[in-house]
Each structure stands twice: as C-alpha cells, then as structure tokens.
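The next block holds one structure in the form of structure tokens; read it before the comments.
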Amino acid sequence: MVLNQINSVNFLFSNESFILISIFIFLIGLSLGSFLNVVIYRLPKSYSIVYPASSCPNCGYKIKFYDNIPVLSYVILNGRCRKCRGKISLVYPAIELISALLIYLLFLKFFYKAYFFYKINIYDIRYFKDYLYGNLRYFIFYLIFILTIIPIAFIDLFNKIIPDVLNILLIIFGFALNIFFLGKPFLFPLYGFLAAGLFFYFIALIYEIVKKKEGLGGGDIKLIAGIGAFLGLRGAVFSIFGGAVLALAGFILFFIIQKFIKIKSKKDAFNINLNDFKIPFGPFLSLASIFYIFYGDILIKVYLNFIRYH
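The number in our numbering is simply the position in the sequence shown, starting from 1, with 1 added.
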C-alpha cells in the first residue's frame, strides 16, 4: 500500500504526468468550447441549449457524433456540412480553440510550479497540501468565470446584446463562490459589484442626459457588476480601464483599416457613419477581465511604478 502511494504521488508530479494532464485539460477545453458554441448560437434566439441535437445552420441536417468532434471534424470536412456541403463558419472551431487555450493557460498558471519549480514528491507532499488545495479551488473559481464570460463576449460581439441569464449567473456565481467556496468576506464581492455597477450606471445616465440617447446598455452595466462581484473592486477597476483602452485601440484600428483598405459590398464600397457606428463594449470588458486573471498583478505593479517615477 505504501509503495503504491509513493509511486502514485511520484507519477502524478512527473514530466510524463504533466504531458498527459496537459492533453486531457486541452481536450476538455475543446469539448467545453463546443458546448459554448451551442450557448452562443442558441441563447440569443431563445432556443434550448439542450435539445435538439446540433444541426447544420444551412440545411438543418442533424450532425452525427463523429462529425461533431471539436476542431477535428471541421478540418476533416474542410469546414463544410457533410450533406449539403454548405460552409460552416470558422467561428465555431475558433471559439473551441480559444476556450481550450484559456483553460490550459489557467492550468499552467496554478499548477506549472508544482511540476517544474517545486518538483513535489512523496516526501514533501504534506508541506504542499494546502498550496495545492488552494490552487485547485482558484482554478475551479476562474474556470467558472471564463466559461461564463466567453459566451457573454461573443453573444455581445455578434448580436450586440447580453442575455440577462448570463449576467445574473455571473453575479450569483461571483457572490456565492467568493463567500462559500473561497471563504472571502461578503464585502469583497459587494464592493466590486456596487462600485463597478454604480459607476457604469451613472456614466450611462449622464451620457443619456447630455446626448439624449442611450450610450451604455443595461447589459454592460450588469456585466461590469458581475465582473466586480467575481474579481472584486480592484478587478472591476482594472476591467473598466483596460476595457476602455482595448475598445479605443479596436476603434482606431477599425477606422485605419477603413481608410486604407476599400471594403466592397455588392453595390459599391461602403463607409460607416461614425454617428451610427456602435462598438459593443462587452467583448472588451470581458477581454480586460481575462487579462486581469493572468496579468493583472503584474500590469498594476508596472503602472504604479510608472506613476511613482514619473
């Protein structure tokens, strides 16, 4: 029994185990990404995300299980439906890959050191018990956040709406997981929720009073409140300002492309009126919140040092 335990622990933290777990995590990420595709496509249309089975968006052909393998089936079928040969959007495998990559990076964030820095073995496993258990909890915590924020970002990108059900889930998960799963005080999610939500609410209110039209939608206000409930006040502030910087960069890039590259429609080249053009803010807020998870502490330190010496 003791020998088996020694072998199990030593193998669990071996290089071979790291490779096997990495492959497993990435495959699970692809599968979860495939499910998120269903959520992103069906939720705005008020369809069930459980029934019926996936089908071709062109001809309605029910996709067989062997044609529904994430990424691989898309490559084998050359991005086309097996029956009607209609083109399947590249967005589907892209979302699967993005989901898998983010989940794998999350695994590296919390467990890479256990394999290659601490090199845990049977003799010191008891010293790292709390460390590993704590990292596992945070891995699950941020995994739930990422699996909620990805469909929010893409639904807003494609449809310019954020379903209330996803924002409400984000808020509920933020409070519940912080308090009952991570053991943080109630004020941690509350401060993030109120400060971020109220900040966006007053910005939207002032804009509407001045411009006589809606600037920020209610979905964006709920989204940043949910991000605040999950990531706390600091995460919310980072996401707000990071999202603004990313949105500005995206806006500038779009119009640079518009200026130097002629995009033609069937009739003629088209131009977008700045007054009518609307950029959904949800994807930028979501991207900034993910940056916070992976690089928030580093970027905040860099910014504070820059302020201090300038």
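For each residue, glycine too, the CB sits at the ideal point set by N, CA and C.
Contact between the stretch 51-68 and the stretch 82-90 (3+ Cβ pairs under 8 Å): yes
Label Asn16 either buried or exposed according to how many other C-beta atoms from any shown protein chain fall within 10 Å of its C-beta, with 16 as the threshold for buried. exposed
Would you call the CB atoms of Ala289 and Gly219 closer than 8 Å? no
Between which two residues does the alpha helix (DSSP H) holding Tyr296 run? Gly283 to Tyr310
Note the first and the last residue of the continuous alpha helix (DSSP H) segment covering Asp131. Lys130 to Asn160
Measure the beta-carbon distance from Pro71 to Asp157 and round it to whole angstroms, keeping in mind my assumption that it falls under 8 Å. Not a contact, Cβ separation roughly 23 Å.
Integer-rounded CB distance, given that Ala101 should sit under 8 Å from Gly175: The Cβ separation is near 24 Å, so there is no contact.
Measuring straight from C-alpha to C-alpha, what distance separates Tyr48 and Arg138? 33 Å
With a Cβ-Cβ cutoff of 8 Å, do Gly227 and Leu171 count as a contact? yes
Pick out the complete alpha helix (DSSP H) segments inside the stretch 50-75, 4 residues or longer, and give them in chain order. none
Alpha carbon of Asn69 to alpha carbon of Phe194, nearest angstrom: 38 Å
Given that a residue counts as buried once 16 or more other Cβ atoms are within 10 Å of its Cβ, and exposed if not, what is Asp298? exposed
Environment of Phe117 [buried if 16+ CB atoms lie within 10 Å]: exposed
Selected residue, minimal CA-CA separation from Ile301, among Leu254, Ile163, Ile280 and Gly236: Gly236
Would you kindly work out how many angstroms separate the C-alpha atoms of Ile121 and Ile257, rounded to a whole number? 51 Å
Residues near Phe255 in its chain [Cβ-Cβ closer than 7 Å; skip 5 each side]: none
Among Ile163, Asn38, Lys185 and Pro281, the one whose alpha carbon lies nearest that of Ile90: According to the sequence provided, residue 90 is Ser. The question's Ile does not apply to it. Ranking the options by Cα distance to Ser90, first place goes to Asn38.
In chain order, what residues of the same chain have a beta carbon less than 7 Å from the beta carbon of Phe27, not counting five sequence neighbours either side? Ala101 and Tyr105
Only counting the same chain, and skipping five residues up and downstream in sequence, which positions put a Cβ closer than 7 Å to that of Ala1? The displayed coordinates of the chain run from 2 to 311. Any statement about residue 1 would go beyond what the structure contains.
Could you check what DSSP says for Ile264 in three-state terms: helix, strand or coil? With a pLDDT of 47 at Ile264, under the threshold of 50, the predicted position of this residue should be treated as unreliable, and no value is reported.
Answer with buried or exposed for Ala154, where buried requires no fewer than 16 other C-beta atoms within 10 angstroms of its C-beta. buried
Of the residues Leu103, Phe292, Leu73 and Phe108, which one's Cα is nearest the Cα of Ser23? Phe108
Grab me the residues of Leu144's own chain with a C-beta within less than 8 Å of its C-beta, minus the 5 sequence neighbours each way, in chain order. Ile104 and Leu107
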